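Trainee: Residue numbers (UniProt numbering): 1 to 377.
1) Under the assumption that residue 226 contacts residue 210 (Cβ atoms under 8 Å), give the Cβ distance between them as a whole number of angstroms.
2) Helix, strand or coil for residue 30? Go by DSSP, reduced to three states.
3) Report yes if the C-beta distance between residue 195 and residue 184 is below 8 Å; otherwise report no.
4) By how many angstroms is the C-alpha of residue 281 removed from the C-alpha of residue 221?
5) Quick check on the DSSP output: the beta strand (DSSP E) that includes residue 238 runs from which residue to which?
6) For residue 231, count the other beta carbons within 10 Å of its own beta carbon; 16 or more makes it buried, fewer makes it exposed. Which is it?
7) Between residue 266 and residue 182, what straight-line distance do the alpha-carbon atoms span, to the nearest angstrom?
8) With a 10 Å radius around its C-beta and 16 neighbouring C-beta atoms as the bar for buried, classify residue 295 as buried or exposed.
9) Excluding sequence positions up to five away, which residues of its chain have a Cβ less than 7 Å from the Cβ of residue 240?
10) Are residue 189 and residue 286 touching if we call contact CB-CB under 8 Å?
11) Which residue's Cα is closest to the Cα of residue 153: 102, 246, 134 and 173?
12) Go ahead and label residue 136 buried or exposed: buried means 16 or more other beta carbons lie within 10 angstroms of its beta carbon, across all protein chains shown.
13) Return the CA-CA distance between residue 204 and residue 307, expressed in angstroms with no decimal places.
14) Just verifying my parser: in three-state terms, what is the DSSP assignment at residue 228?
15) Taking DSSP as the reference, what is the three-state secondary structure of residue 154?
16) Output needed for residue 99: all residues of its chain with C-beta closer than 6 Å, excluding positions within five of it in sequence on either side, in chain order.
17) CB residue 276 to CB residue 215, shorter than 8 Å?
18) What are the boundary residues of the beta strand (DSSP E) that includes residue 283?
19) The alpha helix (DSSP H) that contains residue 109, what's its start and end?
20) Using the Cα positions of residue 219 and residue 372, report the straight-line distance between them to the nearest angstrom.
21) Should residue 329 and residue 303 be called a contact, given that it needs their Cβ atoms to be closer than 8 Å?
22) Please state the DSSP three-state secondary structure of residue 305.
23) Is the separation between the beta-carbon of residue 332 and that of residue 171 shorter than 8 Å?
24) Determine, using beta-carbon pairs with one atom in the segment 116-129 and one in the segment 81-88, whether at least three such pairs fall under 8 Å.
25) Going by CA-CA distance only, name the one from 104, 262 and 114 that's closest to residue 146.
26) Please work out which residues of its chain come closer than 7 Å, Cβ to Cβ, to residue 238, disregarding the five sequence neighbours upstream and downstream, and give them in chain order.
27) With distance defined between alpha-carbon atoms, name the residue in 149, 235, 76 and 71 nearest to residue 107.
28) Exposed or buried, what is residue 54 when buried is set at 16 or more other beta-carbons lying within 10 Å of its beta-carbon?
29) Would you mind listing the alpha helix (DSSP H) stretches within the segment 141-215 that are 4+ residues and don't spill past its ends, in chain order?
30) Just mark residue 297 as buried or exposed, buried being the case when its beta carbon has 16 or more other beta carbons within 10 Å.
31) Run through the DSSP bridge pairs and tell me what residue 249 is partnered with.
32) Can you name the residues that DSSP bridges to residue 277?
33) Kindly indicate the opening and closing residues of the alpha helix (DSSP H) around residue 313.
34) Excluding the 5 residues flanking residue 114 on each side, which residues of the same chain have their C-beta closer than 8 Å to its C-beta?
35) Residue 288 lies in the beta strand (DSSP E); which residues open and close that run?
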């Protein structure tokens with residue numbers, strides 16, 4: 001183990017081999033006062049004569065764009081935050097973060113699992129931080145061996161001793177959703193927008209980031225995660241996910257009051273949106289629509305607020321109810337409500353396996369298939 005003063009580890013190696021050969025990059029300066037992001041910095045030359053030709057500088061800039069496109073902004077922020085946390089812990093212990101030392105990493109995850117009080121981290125948080133360290137070390141050209149006994153054995157012990165059942169968010173079922181819609185003011189732009197978001201998110205089984213990431217049409221904004229096409233029988237949503245592009249078909253409802261297509265068309269018409277982000281901020285006391293895309297947190301707040309107002313799960317205390325609802329409740333709600341063959345739900349949610357889809361099915365008749373009776377008992 002190393003007990004030397006920690007070095008500055010915020011800079012990452014260049015990913016363009018040609019750039020590496022032609023100069024010596026200096027550490028990347030974080031933009032906007034942020035922590036150094038876990039993406040390779042562009043080379044900056046101290047002397048003008050050492051600068052790269054313009055076309056190579058442009059290639060390096062494009063390379064960084066591709067690196068950032070490989071993961072979501074939330075993922076990059078998490079990677080940067082976890083690396084910062086690890087480096088701070090190393091400094092307090094007089095360890096050096098680089099090069100990677102499995103024994104130090106093993107001690108780090110042990111400290112996370114055994115910290116007193118609120119400092120103790122869950123198994124999922126520890127696993128996420130370990131994944132972040134692995135990614136960060138790989139980007140620095142010094143891979144971390146997660147199979148080393150100092151890491152693998154310690155992590156297995158942490159899982160065995162501290163793992164607990166997953167705490168899933170409550171599913172919003174059909175009747176819950178209808179009650180939540182009734183809490184929204186149809187006479188305001190904000191109410192119409194929120195109505196369209198709830199119905200589209202539920203019927204499409206969409207993640208909150210997918211809802212707010214939609215554009216009205218294809219290739220309209222750089223930060224878009226997809227677009228919509230309103231057809232005669234419904235809405236076709238094209239989404240860019242972790243594993244590539246996928247299409248989600250959202251059919252028309254049995255009544256206008258609960259139809260996601262009608263809600264979407266009403267919002268677009270009255271908000272006068274024909275291009276760019278689909279769901280935007282409503283300003284000016286609810287009378288004007290801004291140009292900026294909504295943050296995904298707004299979906300979570302909307303679901304929580306409308307569920308509480310509608311009295312969903314009134315059998316629980318207000319504090320318990322507030323903890324149970326989030327944007328994920330819409331996605332789980334579709335999986336739990338749709339009485340169709342499981343493979344159709346799996347396709348709608350974009351799951352690779354039926355087992356993953358079953359994890360989303362809550363508050364439904366868990367005993368529809370009674371193997372006890374089927375066995376003759």
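Idealized CB from N, CA, C, for every residue including glycine.
A quick note: this is a predicted structure, and the numbers were derived from the prediction, not measured.
Mentor: Walking through what the data contain:
1) 7 Å
2) Note that residue 30 scores a pLDDT of 37, beneath 50, so its modelled location is shaky; the value from the coordinates is reported in the next line. Correct three-state label for residue 30: coil.
3) yes
4) 16 Å
5) That run of the beta strand (DSSP E) goes 234-241.
6) exposed
7) 16 Å
8) exposed
9) For residue 240, where only same-chain residues beyond five positions count, the Cβ hits under 7 Å are 225 and 226.
10) Residue 189 places its beta carbon less than 8 Å from that of residue 286.
11) 102
12) buried
13) So the alpha carbons of these two residues sit roughly 19 Å apart.
14) Residue 228: strand per DSSP, three-state reduction.
15) helix
16) Excluding five sequence positions before and after residue 99, the CB atoms of its chain that fall closer than 6 Å to its own CB belong to 142, given in chain order.
17) yes
18) Where residue 283 is concerned, the enclosing beta strand (DSSP E) stretches over 280-283.
19) Bounds of the alpha helix (DSSP H) holding residue 109 are 102-114.
20) Cα atoms of residue 219 and residue 372: separation of roughly 54 Å, rounded to the nearest angstrom.
21) A contact, by the Cβ cut-off of 8 Å.
22) helix
23) yes
24) The count of Cβ pairs closer than 8 Å, one atom from the segment 116-129 and one from the segment 81-88, reaches three, so the stretches are in contact.
25) 104
26) 226, 227, 245 and 247
27) 149
28) Exposed.
29) Taken in chain order, the unbroken stretches of alpha helix (DSSP H) that lie wholly in the segment 141-215 and span 4 residues or more are 149-162, 174-182, 189-204 and 208-212.
30) When all chains shown are included, residue 297 counts as exposed.
31) 236
32) 215
33) Where residue 313 is concerned, there is no enclosing alpha helix (DSSP H), given that its DSSP letter is neither H nor E.
34) Cβ within range, chain order: 120.
35) 288-293
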